[in-house]
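Undergrad: Numbering (the working numbering), first residue to last: 2 to 264.
Ideal Cβ placement from N, Cα and C applies to all residues, glycine included.
Everything numeric in this text was worked out from a predicted model, so none of it was measured.
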Amino acid sequence: MQASTLSLRTVGATRYVTPLREGGSLPALMEADDGFLYVVKFRGAGQGPKALIAELVVGELARALGLRVPELVFLELDESFGRTEPDEEIQDLLRFSTGLNLALHYLSGAITFDALVTTVDARLASQVVWLDALTLNVDRTARNTNMLMWHKQLWLIDHGAALYAHHAGAGWAEPRPRSFPQIKDHVLLPQATELAAVDAESRARITPELLRAIVALVPDVWLTEPDLSADAQRAAYVQFLEYRLGASETFVQEADAARQALV
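Here's what the structure looks like:
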């Protein structure tokens, strides 16, 4: 992936199809003005725009690593949208989400990944575990895999819980050692036997230029820290991820140790 070509399309919402109530932030299936269906993550949901930032940044990092992620698009929600919605909770959510939201292309017919049914090869498992260790993604467990099988291929979805350090307030991105014990619960950890090789390949792919280009996609309106400029907030994400990349040997060793403890 060339950093210079990174961009997201913008579509307009035309129809609210149905809420997806299995998600804590009440995402929804919506139709857009390009005729496609999307799973929409709303900036007015409980987790706020930081969940959308994580979804965008981690999703595009996954794509840069060659992993399958549904197309991400910006979705514009008009202020008049949802006024006739009878459900007050949904109506409030739509009202608070006027403007720019994030959406994933809907994979019609996809089924939830089940580790008891589908075996993932060691390289792919290692790539997913490495990405989730890099980005502190706590949400890839057997209880909630956030992966789909579509046309016999593994697809990654729902990265809003990643980068959880950005909820910690001022100074969250300052370089410091940070363990990630939750990696022991990763659904693909038992198959992730090629972490060392994947580490070297992935660090080579995620260049400083690519990191900056991905973070630059984050809209100003989602960067809501009152005492920092949008550029300063983007710089914090770059700083955090550059430090995590530089310390990749540490989180790879942590994941390997957790995997060996499972065997």
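Does the beta-carbon of P50 have 16 or more other beta-carbons within 10 angstroms, so that it is buried, or is it exposed?
TA: Under this definition P50 is a buried residue.
Undergrad: Should the segment 211–223 be called in touch with the segment 144–159, which here means at least 3 C-beta pairs below 8 Å?
TA: No: the two stretches stay apart, fewer than three of their Cβ pairs being nearer than 8 Å.
Undergrad: Since L149 and T120 are thought to touch, with beta carbons under 8 Å apart, how far apart are those beta carbons, to the nearest angstrom?
TA: Not confirmed; about 16 Å, so no contact.
Undergrad: Within a Cβ cutoff of 7 Å, which residues of the same chain sit near L212, ignoring the five residues on either side of it in sequence?
TA: Within the same chain, L212 has close Cβ partners V239, L242 and E243.
Undergrad: Among E202, S230, G45 and A201, which residue has its Cα nearest to the Cα of E80?
TA: Taking only the C-alpha atoms, the option nearest E80 is G45.
Undergrad: Would you mind giving the Cβ-Cβ distance between D133 and H187, rounded to the nearest angstrom? I have them listed as a contact below 8 Å.
TA: Confirmed, Cβ separation roughly 6 Å.
Undergrad: The beta strand (DSSP E) that contains Q154, what's its start and end?
TA: Counting along the chain, the beta strand (DSSP E) containing Q154 begins and ends at Q154 to L157.
Undergrad: Just curious, the alpha helix (DSSP H) that P191 is in, first and last residue?
TA: Unbroken run through P191: none, as it is neither H nor E.
Undergrad: Which residues bound the alpha helix (DSSP H) around G247?
TA: A231 to G247 is the span of the alpha helix (DSSP H), which, as asked, contains G247.
Undergrad: Just to confirm before moving on: does the CB-CB distance between F75 and L164 stay below 8 Å?
TA: Their beta carbons are not under 8 Å apart, which means F75 does not touch L164 by this criterion.
Undergrad: So A171 is in the alpha helix (DSSP H); what residue range does that whole segment cover?
TA: Careful: A171 lies outside any alpha helix (DSSP H) and carries neither H nor E.
Undergrad: Please return the same chain residues whose Cβ sits closer than 7 Å to the Cβ of T15, not counting the five positions on each side in sequence.
TA: Excluding sequence neighbours, T15 sits near E32, A33 and D34.
Undergrad: Would G172 be called buried (16 or more neighbouring beta carbons within 10 Å of its own) or exposed?
TA: Flag for G172 reads exposed.
Undergrad: Report the option in A205, W223 and L190 whose CA atom is closest to the CA atom of Q261.
TA: The candidate whose alpha carbon is nearest that of Q261 is L190.
Undergrad: Rounded to whole angstroms, what's the CA-CA distance from P182 to A123? Just pull it up for me.
TA: Their backbone Cα atoms lie some 21 Å apart in a straight line.
Undergrad: I'd like to check one pair, I207 with L105: are the Cβ atoms closer than 8 Å?
TA: No.
Undergrad: Can you name the start and end residues of the alpha helix (DSSP H) that F37 belongs to?
TA: Premise fails: F37 is in no alpha helix (DSSP H) and is neither H nor E.
Undergrad: Let me confirm a value: T136 is counted as buried when at least 16 other C-beta atoms fall within 10 Å, else exposed. Which label applies?
TA: Per the 10 Å Cβ criterion, buried.
Undergrad: What does DSSP give as the partner residues of R16 in its beta bridges?
TA: R16 is bridged to E32.
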